[in-house]
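First residue of the sequence shown? That's 5 in our numbering, and the numbers climb one at a time after it.
We put the beta carbon where it would ideally sit given N, CA and C, even for glycine.
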Amino acid sequence: MNSFRFNPLVFLRSNPRLNIVAVLVWMALIFAFSSIEGKDISSSEFDLSILFHFTEYAVLGALVYTLVGRGSNPFLYALALCVLYAASDEFHQYFVPGRSSELADVGIDFLGSFFGVFLSRRWGGI
């Protein structure tokens, strides 16, 4: 029996240009979601904001780790890049009507990034 398993992280690692595009597209999606005015977000979506933050940064962490996973200390570099992006995202949200900038969100983003980097390191073939 042929048990073919497709691992997208291994695929991206073997295609660095595509990996860069994936990271940039994901960052653009995070930016777009952060640009939604507060009045356009329903209360049920707001209640799930912690899950959204965690998940979007877990994906970013996995993608970034896959990109930088070849050098020295890729775990720290990936986390640092994700946290810097999270801080810039919160700064951006400060200027979006109806939104706020919360340090706690950066903490949640860090935890999500850590989880994504950990999973990428564990199962990404790096």
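Backbone CA spacing between residue i and residue j [nearest angstrom]
i      : j      : result
Asp109 : Asn23  : 26 Å
Ser117 : Asp93  : 14 Å
Ala62  : Asp113 : 8 Å
Pro20  : Val29  : 14 Å
Ala132 : Ser53  : This structure does not reach residue 132, given that the chain is present from 5 up to 130, and the question cannot be answered.
Leu55  : Ser76  : 31 Å
Residues near residue i by beta carbon distance below 8 Å, same chain, minus five either side
i     : result
Ala66 : Leu13, Gly120, Val121, Leu123, Ser124 and Gly128
Phe95 : Ser105
Ala26 : Leu16 and Leu67
His57 : Asp109, Ile112, Asp113 and Gly116
Beta-carbon separation (whole angstroms), residue i vs residue j, contact threshold 8 Å
i      : j     : result
Tyr89  : Pro78 : The Cβ separation is near 16 Å, so there is no contact.
Met31  : Leu64 : 7 Å
Val143 : Ser39 : The shown model of the chain, from 5 to 130, leaves out residue 143, and the question about it has no answer.
Same chain only: Cβ atoms within 6 Å of residue i, ignoring 5 sequence neighbours per side
i     : result
Glu60 : Ile34
Tyr98 : Ser105
Residue i, DSSP secondary structure in three states
i      : result
Val110 : helix
Arg9   : coil
Val121 : helix
Pro101 : coil
Ser38  : helix
Contacts around residue i, its chain only, beta-carbon distance under 7 Å, and the 5 residues preceding and following it disregarded
i     : result
Ile82 : Inspection of the sequence shows that residue 82 is occupied by Ala rather than by Ile. Counting only Cβ-Cβ distances below 7 Å, and skipping sequence neighbours, we find Gly65, Val68, Tyr69, Val72 and Val121.
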